[in-house]
Amino acid sequence: MPRPIRIVDVFTEKPLAGNQLAVVVDGKGLSTEVMQRIAREMNFSETTFVLPPEDASHAAKVRIFTPVSELPFAGHPTIGTAWVLLEEGIATGMQFVLEETVGPIPVRAERATGHTVLWMTHPQVSFGGVVPHSEVASALDLEASQIVASVPAQIATTGVPFLYVALRDKQAVDAATSIRANLRRLFDGRGVDAVFIFAAVGADRLYSRMFSVDIAEDPATGSASGPLGPFAVRYGLIKRAPRLSIVSEQGTKMGRQSFIHIDLTYGESPDIPTKIEVGGTVMPVLSGTLSDFELTGAAGR
Numbered sequence: 049m050p051r052p053i054r055i056v057d058v059f060t061e062k063p064l065a066g067n068q069l070a071v072v073v074d075g076k077g078l079s080t081e082v083m084q085r086i087a088r089e090m091n092f093s094e095t096t097f098v099l100p101p102e103d104a105s106h107a108a109k110v111r112i113f114t115p116v117s118e119l120p121f122a123g124h125p126t127i128g129t130a131w132v133l134l135e136e137g138i139a140t141g142m143q144f145v146l147e148e149t150v151g152p153i154p155v156r157a158e159r160a161t162g163h164t165v166l167w168m169t170h171p172q173v174s175f176g177g178v179v180p181h182s183e184v185a186s187a188l189d190l191e192a193s194q195i196v197a198s199v200p201a202q203i204a205t206t207g208v209p210f211l212y213v214a215l216r217d218k219q220a221v222d223a224a225t226s227i228r229a230n231l232r233r234l235f236d237g238r239g240v241d242a243v244f245i246f247a248a249v250g251a252d253r254l255y256s257r258m259f260s261v262d263i264a265e266d267p268a269t270g271s272a273s274g275p276l277g278p279f280a281v282r283y284g285l286i287k288r289a290p291r292l293s294i295v296s297e298q299g300t301k302m303g304r305q306s307f308i309h310i311d312l313t314y315g316e317s318p319d320i321p322t323k324i325e326v327g328g329t330v331m332p333v334l335s336g337t338l339s340d341f342e343l344t345g346a347a348g349r
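Going letter by letter, the sequence shown gives residues 49 to 349 in my numbering.
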């Protein structure tokens, strides 16, 4: 049968900005193979498929696909799908849980300035290996002096690992280049396939870009923004406080400006926040249906 599909822009209050997302509202009966083929057809950074939850107290199960692979967790797909579920009446109330491969993701909604802001709670952040600044600079076509010398280029994750690189200013962030062959060499053997570069541009503001092997550049990366806040605090780029609200501007260089809100709560640990929330607004762009096609492997869970 035809399946409803929604296209939305995430982390923006203006249409045709932010990060694009396709949401297949009813993914029941589609195999993994077919979901992947639909995501490749949409050709956005991610496409999501809504399924019945395994736990009846949760709103839905969500599977997330890039054009080439499935992800265990991702930020703007979680926020965008949550907005669609509220609009479709599948999720009720202002707090609910989405089931993703990484585990249950709590989501809350709040009304603000005429928009609904969606917030997701990230799993706990962990910090990993360090990469020499010289290798990072070479891969991104930068001078090593454009990297903040006191901050290591380090892998961090709340479910999906990213290599975080602090640059000296906005101009250095905009000067970086995304070349797949260079990125492959940088990531080889390190268990990561995406780099997140940023600069502090105010007491509570960051200016950011994200490159990966699969996607030359992403306009808004919620899964990377969760670790971004604790990373910036850990290395003194944002001053630590019991409660912090940070805004990361991303996508501006590529013409799809996004604003991602990061709220952190700290307890006794100076490095690991007790709570990480990432939030933003969503703009509807298109509603339609997928054609009633027959595809090999379409029957499945």
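Backbone N, C-alpha and C define an ideal beta-carbon position, used for all residues, glycine too.
- If you ignore the 5 residues before and after glycine 176, its C-beta comes within less than 6 Å of the C-beta of Ile203, all in its own chain and listed in chain order.
- Close CB contacts of aspartate 241 within its chain, under the 6 Å cut and outside five residues either way in sequence, are with Phe235, Ser260, Val261 (chain order).
- Here DSSP, grouped into helix, strand and coil, assigns asparagine 230 to helix.
- Excluding five sequence positions before and after methionine 90, the CB atoms of its chain that fall closer than 7 Å to its own CB belong to Ala70, given in chain order.
- Per DSSP, the beta bridge partners of proline 154 are Val145.
- Counting C-beta atoms within 10 angstroms of its own C-beta, leucine 312 has 16 or more neighbours from the protein chains shown and is therefore classed as buried.
- 9 Å or more divides the Cβ of proline 154 from the Cβ of threonine 140.
- Residue environment: leucine 64 is assigned as exposed (fewer than 16 neighbouring CB atoms within 10 Å of its CB, all protein chains considered).
- Assigned with DSSP and collapsed to three states, leucine 133 falls in helix.
- Between the region 208-225 and the region 247-258 there are three or more inter-stretch CB-CB distances shorter than 8 Å, so the stretches are counted as touching.
- Using a C-beta cut-off of 8 Å, the region 130-139 makes contact with the region 155-168, since at least three inter-stretch Cβ pairs fall below that distance.
- Rounded to the nearest angstrom, the gap between the Cα atoms of lysine 62 and lysine 76 is 32 Å.
- Of the residues assessed, histidine 124 falls on the buried side of the cut-off, its CB having 16 or more other CB atoms within 10 angstroms.
- Here methionine 83 is buried, its C-beta having at least 16 other C-beta atoms within 10 Å.
- If you check the CB distance, arginine 85 and threonine 96 do not come in under 9 Å.
- Remark: C-beta atoms of proline 171 and valine 150 approach each other more closely than 9 Å.
- When the beta-carbon positions are compared, histidine 163 and threonine 329 come within less than 9 Å of each other.
- Residues Val73, Asp74, Thr337 of the same chain have their beta carbon placed closer than 7 Å to that of proline 52, with the five preceding and five following residues left out of the count.
- CA-to-CA, the gap between proline 321 and aspartate 340 works out to about 47 Å.
- Note that the C-beta distance between isoleucine 310 and serine 93 is not below 9 Å.
- In the DSSP annotation of this structure, histidine 181 is not part of any beta strand (DSSP E); the continuous alpha helix (DSSP H) holding it starts and ends at 181-188.
- Here DSSP, grouped into helix, strand and coil, assigns threonine 313 to strand.
- Alanine 268 sits buried, since 16 or more C-beta atoms from the chains shown fall within 10 Å of its C-beta.
- Cβ neighbours of alanine 187 within its own chain (closer than 7 Å, five residues either side excluded): Asn230, Leu231, Arg233, Leu234.
- Considering only Glu297, Glu265, Pro278, the residue with the shortest C-alpha distance to valine 249 is Glu297.
- In the three-state scheme derived from DSSP, where H, G and I count as helix and E and B as strand, proline 318 is classed as coil.
- Annotation: the continuous alpha helix (DSSP H) that includes glycine 270 extends over 270-282.
- If you look at glutamate 81, you'll find it in the alpha helix (DSSP H) that goes 80-90.
- DSSP places alanine 223 in the uninterrupted alpha helix (DSSP H) bounded by 218-223.
- In the three-state reduction of the DSSP assignment, phenylalanine 59 falls in the coil class.
- Annotated three-state conformation of threonine 126 is helix, per DSSP.
- When the alpha-carbon of alanine 122 is set against those of Asn67, Ile227, Glu102, the nearest one is in Asn67.
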